[in-house]
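Scroll down for the structure; my scribbles are underneath it.
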Amino acid sequence: MLIKRVCKPYLEMTGAFGYNQLAYREKSGARDALALLTIEWPSAFNSRDKIVVYCSDVAGAFDRVLLTKLVEKLNAKGVHPKIVRVVESWLQERRARVLVGGQTSTE
4 MLIKRVCKPY LEMTGAFGYN QLAYREKSGA RDALALLTIE WPSAFNSRDK
54 IVVYCSDVAG AFDRVLLTKL VEKLNAKGVH PKIVRVVESW LQERRARVLV
104 GGQTSTE
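Residue 99 in our numbering sits at position 96 of the sequence shown, with consecutive numbering throughout.
Here you go:
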């Protein structure tokens, strides 16, 4: 929630989101993407343009991002260093154990 409250307004203000970035933006999402495609595809068909569709499941996307590259990009966009450190810490690999009734779990 902190990341969303701090980073998202900054990214919106600086224009870091592209024109077709519909996810993670206020008042937009999957329905808007479908509406956009419903409008654009018939026009492309009429112009005999090629249409390519790529669908993916981005669940766990941050588990696959190279942390060093993300930090570089955030710094390059001028995100405040304290926010970059919070994001970096949040995405660091963690190890944990649970203690229940005097018994400790494995990592």
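A virtual CB, placed ideally from N, CA and C, is assigned to each residue, including glycine.
Let me check one thing: in DSSP terms, what residues is residue i bridge-paired to?
i           : result
residue 95  : DSSP lists no partner for residue 95.
residue 103 : 106
Can you give the Cα-Cα distance for residue i and residue j, rounded to whole angstroms?
i           : j          : result
residue 18  : residue 42 : 24 Å
residue 53  : residue 40 : 13 Å
residue 72  : residue 85 : 17 Å
residue 88  : residue 97 : 16 Å
residue 109 : residue 55 : 47 Å
residue 74  : residue 37 : 32 Å
residue 67  : residue 77 : 17 Å
residue 24  : residue 91 : 23 Å
Any Cβ of chain D within less than 9 Å of the Cβ of residue i?
i          : result
residue 98 : Judged by its chain identifiers, the structure shown contains no chain D, having just a single protein chain.
Ranges of the alpha helix (DSSP H) found wholly within the stretch 25-88, counting only runs of at least 4: Entirely contained in the stretch 25-88, the alpha helix (DSSP H) runs reaching 4 residues are, in chain order, 33-49 and 70-79.
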